[in-house]
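Chains as they are written, first to last, in my numbering: chain A, 3 to 447; chain B, 3 to 447; chain C, 3 to 447.
C-beta: ideal position from N, C-alpha, C; glycine also.
Here is the structure we will look at, set down as structure tokens.
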């Protein structure tokens with residue numbers, strides 16, 4: 003009976019999904035495996051299954067462990083609502099709120115992590131050794147909610163720390179053709195962590211108010227992170243990848259307050275194109291550890307100030323000389339990006355320095371062309387209302403005064419770069435004998 | 003019982019969905035609200051629900067009113083077919099047609115609008131006051147069909163007017179993380195109207211033969227309009243946004259005949275990148291009302307002539323000096339776009355003028371680089387067959403003669419712009435003392 | 003009864019879907035048509051239906067024939083796993099493999115093609131004559147598996163030939179608003195073949211290990227191929243289109259080993275933007291047969307060597323003078339692309355020549371600006387492990403030595419081109435009297 007491969011967590015006889023959906027899904031996976039007994043002689047036999055999670059609240063007290071290919075877990079709603087805003091509303095006003103928690107097909111991650119962190123604190127843990135690599139596991143359209151953050155020893159409100167040792171989905175070893183689509187992740191220290199990905203698709207998700215959002219670790223190739231709404235916490239990465247080749251990061255709208263918007267470590271021949279990136283700190287896009295031959299093009303970078311009172315004063319520890327885009331690698335292309343730096347000159351660190359937009363720190367042979375930098379000195383303001391403050395800041399285009407910036411700074415450790423039409427002669431700090439340079443023409447030139 | 007959160011309009015006991023799906027859905031929403039009685043103390047309680055609409059025809063005589071978060075309304079097919087072509091087929095040939103109407107999971111909007119228009123004429127009306135903002139309402143994979151247009155006093159066939167006072171989805175106040183995905187909208191005066199959006203995703207929809215398609219009104223931030231097939235009527239907007247920041251408009255294929263392809267009003271720090279845009283009129287992309295610090299990059303602009311007889315002679319009222327891209331704002335970046343202007347020189351208005359491609363009307367500090375303009379003088383032709391005429395026009399790349407254009411025109415109200423490699427000296431009309439300019443090199447230069 | 007429009011192949015009374023899902027789906031389509039008897043007088047009547055395929059293995063021995071609009075066929079998993087890797091594992095190791103075949107909602111194409119090929123060998127065949135064009139047929143989230151390739155007379159292992167006469171989906175004539183989304187295609191000689199498409203969407207699919215992947219034939223307009231993971235065989239096309247206008251090809255990650263990544267034949271006013279393209283041969287993007295006024299921008303091109311032993315020595319027959327991007331057409335824009343050519347200089351053919359990156363073969367008026375070429379001479383290596391060899395090659399950024407290339411070669415048959423900042427004076431081979439040229443500035447310039 004083929005349709006035995008369609009499961010619903012609310013009708014499965016083992017366990018109570020509202021009390022522990024982890025126990026239920028693990029029992030379903032055991033059932034799938036028990037039924038996949040054919041010898042594979044007949045061109046088939048292990049097609050996997052779909053597990054459906056209707057809208058509702060499902061507490062997860064047992065980690066789901068996945069070691070079969072072709073498993074789809076699917077809900078009917080990413081269910082995002084801002085827990086961050088809610089936790090920063092005075093408690094006596096909560097009674098007036100329409101709802102207090104995220105919704106949709108919602109997993110409440112309630113693992114006894116006790117500070118152990120990943121992967122113990124992962125709601126969904128995927129691991130399989132041997133061959134072939136586990137393939138085509140799909141997560142669609144449900145919500146993974148870490149519920150609360152914990153005190154971190156700082157003066158921050160505990161719910162603002164982005165620390166709780168919880169992970170949404172953790173893929174421990176080599177995998178192929180996985181698909182994460184239409185999901186919601188919230189209040190997790192790590193939303194999605196994937197080791198050794200091949201042809202992974204992370205598409206059209208809502209990943210916000212998590213410590214880190216998307217982390218591709220180990221190594222990997224030929225994956226795509228596309229068309230997501232993403233925003234990490236101040237300690238973490240919105241999009242991170244290491245030792246990947248042929249990664250396509252495009253059409254994402256990455257909002258604050260991640261320590262970085264896109265951080266690539268030893269990543270080669272990949273694309274960061276056509277994204278909208280917004281941050282409250284320097285170091286928005288980082289090409290580190292000899293990340294080389296990448297294309298960073300047609301992106302919109304906006305760096306302005308934290309407008310929301312609970313996070314004013316928090317930052318990622320980088321100063322304004324670091325650059326909004328910082329490259330330690332070779333032969334990259336940085337073409338046709340727009341940069342808006344909208345800051346209060348009183349806040350510049352180190353004091354008295356000129357903020358850097360593009361920094362070439364090490365490596366060489368990079369090609370920087372046709373980038374446009376807009377810089378404004380504004381009076382930083384903050385507000386108790388997260389949303390209206392941010393919109394207000396976004397729509398302000400009046401400078402109090404001109405703001406001097408260094409459009410491109412090339413360190414002496416980086417050479418043979420080509421810098422074209424990306425800043426005036428005064429705005430580009432580079433050894434003209436070691437790099438090729440053409441200034442953006444000035445008026446009346 | 004959790005799976006009570008999955009509804010099917012065809013099995014709900016109240017009302018008859020084929021006669022009035024509005025009544026049915028409102029009854030379901032009332033049921034959802036009645037069941038969401040928990041106190042929210044236990045980290046949950048109001049997860050919403052999914053309402054499923056199987057393929058079929060469902061008349062809507064009562065407006066659906068939504069005031070709960072986490073509601074997904076989902077069908078199984080966007081069901082587009084061209085009503086515009088059908089209504090322009092002689093009536094005595096209708097008997098030979100395979101089908102006369104759109105299909106899929108199809109809502110027939112049959113509200114007694116009586117000329118009142120929005121929001122009375124909206125099939126789906128979303129409004130909730132107080133906090134938090136209504137969140138994560140999702141519309142997926144069904145068809146909203148306005149059925150007919152009405153006479154507008156002109157000589158146009160009534161079904162060609164794009165006027166009927168009907169709206170598909172109307173979101174009246176501040177909202178977060180909404181999702182419109184895989185939908186079809188047709189024959190509505192307004193397809194999708196959203197006020198005060200935050201992190202809205204309008205993705206992979208089919209929105210055509212509507213007066214206006216996507217309208218983001220009020221103000222908003224951090225939203226995306228991606229990967230849609232869109233084409234408004236000659237009176238309306240394909241994509242419109244006002245007072246938005248951080249909006250990402252990318253990967254859309256926008257076809258005629260919208261009065262504009264993308265119209266931004268007071269929009270800042272947003273991206274219009276990587277779209278394919280096609281229009282029969284000037285004013286394809288408009289950055290109005292001090293729209294500033296936006297990136298318009300890697301788009302393909304095609305402006306040619308209306309090829310289909312029923313609409314020949316109709317236009318949006320703008321003349322050829324207006325520009326295909328018209329900017330009234332500051333510090334925008336226009337980089338790496340392709341423009342094809344393929345028109346009959348006899349049709350140019352004002353007569354005897356030179357058509358403008360990029361017009362900087364007011365503001366300043368814009369950066370215009372690496373844009374390529376192709377211009378052709380062709381003999382305009384029209385045909386009774388909408389599809390073959392348009393394909394025919396699209397594939398024609400033979401000019402009758404050269405067509406002179408002004409690649410960039412900078413008005414005296416706009417200054418301090420930088421214009422690089424986007425036209426020859428003769429093709430760029432700008433005060434060289436007030437703007438920076440480098441001509442595209444000429445042959446043998 | 004409206005919900006009669008939702009079918010499940012596993013519960014339909016006619017036929018056995020595990021033995022012949024083709025027979026079952028054809029019977030369902032007959033039922034849909036029999037029930038669509040209304041006269042269309044009442045603004046409706048032929049809404050189509052959805053046919054659901056749960057996860058499982060379904061043999062297809064009868065071709066599915068579709069001639070109704072608004073039909074959605076939907077599964078719950080694209081089910082990709084690499085058959086190519088598996089078939090190249092020694093047979094005595096198969097017993098140790100976790101699974102041998104793709105999965106998800108999987109169609110096993112078992113048609114008696116007997117070498118007849120298309121369209122006889124098509125699993126899904128769509129054809130309808132008359133008006134209107136068949137519209138809004140949707141294929142979602144299932145797997146079409148051609149199972150095996152056949153000997154082709156070469157020395158290749160039969161499973162490596164990419165030849166079996168099978169096609170996944172074949173659309174024979176004019177169609178509108180079709181949708182292919184979330185599908186998996188594997189081991190088919192042709193995955194998706196569509197004639198005369200209008201407003202087609204091919205989005206977010208996994209199409210790999212097929213002879214050719216996406217072929218848009220005949221003519222067409224206003225379609226999009228977006229956000230797919232694609233990789234054809236060495237004989238075929240990953241993305242092919244002919245006589246199309248207004249086609250948007252974006253956000254795709256196209257991996258080897260297609261004979262081409264994107265091949266456009268007589269295509270006009272279309273976009274190839276923002277893709278990640280990887281190939282083992284020249285001729286990655288081909289604009290042939292007077293393909294004109296297209297935009298090729300913000301793409302990442304990587305050409306390196308076949309790293310996997312079973313295919314070493316196989317190529318597409320083109321030599322290194324052909325160009326990674328080859329244009330025979332006019333008025334195209336090639337802007338802001340990154341090219342990495344990472345090859346063993348010993349392998350260059352013809353021996354002793356300088357490899358070409360961008361070749362303008364015929365036509366004229368093309369605009370080539372702000373492209374960055376990186377070239378490396380590496381020692382080609384191969385491995386028995388497909389995945390690790392490829393990742394290894396991808397991450398290697400150390401050259402054994404400099405590699406001389408011709409960044410842009412303009413044949414005498416092409417003139418009036420403009421070439422800016424896309425190579426040094428020595429790297430651009432073009433008649434300076436017939437083309438406009440500005441060299442990328444050199445260091446110390």
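Three-state class that DSSP yields for residue i in the structure shown
i             : result
residue 392/C : helix
residue 276/A : coil
residue 397/C : helix
residue 217/A : strand
residue 133/B : coil
residue 96/C  : helix
residue 76/A  : strand
residue 371/A : strand
residue 187/C : strand
residue 383/A : coil
residue 267/B : strand
residue 433/A : coil
Within-8 Å CB hit, residue i to chain B
i            : result
residue 21/A : no
residue 4/A  : The predicted position of residue 4/A is uncertain, since its pLDDT is 45 and thus under 50; a value taken from the coordinates is nonetheless stated next. By this cut-off, residue 4/A is not an interface position.
residue 9/A  : no
Minimum Cβ-Cβ distance from residue i to chain C less than 8 Å
i             : result
residue 440/A : yes
residue 392/B : yes
residue 12/B  : yes
residue 319/B : no
residue 184/A : no
Interface flag, residue i vs chain A, CB-CB below 8 Å
i             : result
residue 386/C : no
residue 373/B : no
residue 48/B  : yes
residue 337/B : yes
residue 94/C  : no
residue 194/B : no
residue 83/C  : yes
Among the options, nearest to residue i - alpha-carbon criterion
i             : options                    : result
residue 23/C  : 204/C, 336/C, 67/C, 347/C  : 67/C
residue 399/A : 367/B, 371/B, 380/B, 239/B : 367/B
residue 81/B  : 377/B, 90/B, 59/B, 88/B    : 59/B
residue 283/A : 348/A, 32/A, 258/A         : 258/A
residue 191/C : 121/C, 346/C, 30/C, 387/C  : 121/C
residue 98/A  : 200/B, 134/B, 396/B        : 134/B
Strand pairing of residue i, partner residues [DSSP]
i             : result
residue 197/C : 219/C
residue 82/B  : Paired residues: none, contrary to the question.
Test: residue i CB closer than 8 Å to a CB of chain F
i             : result
residue 250/C : The structure shown contains no chain F; its protein chains are A, B and C.
Short-range partners of chain C found in the stretch 210 to 244 of chain A, where Cβ spacing is below 8 Å: 221, 222, 223, 224, 225, 226, 228, 229
If the cut-off is 8 Å on Cβ atoms, which residues from the stretch 408 to 442 of chain A count as contacting chain C, listed in chain order? 418, 420, 422, 434, 435, 436, 437, 438, 439, 440
Which of the residues in the stretch 108 to 137 of chain C, read from start to end, lie with their CB under 9 Å from any CB of chain A? 108, 110, 112
Residues of the stretch 52 to 74 of chain A whose Cβ lies closer than 7 Å to any Cβ of chain C, in chain order: 52, 71, 72, 74
Anything in the stretch 351 to 367 of chain C with a Cβ closer than 8 Å to a Cβ of chain A? List those residues in chain order, please. none
Which of the residues in the stretch 256 to 275 of chain A, read from start to end, lie with their CB under 7 Å from any CB of chain B? 257
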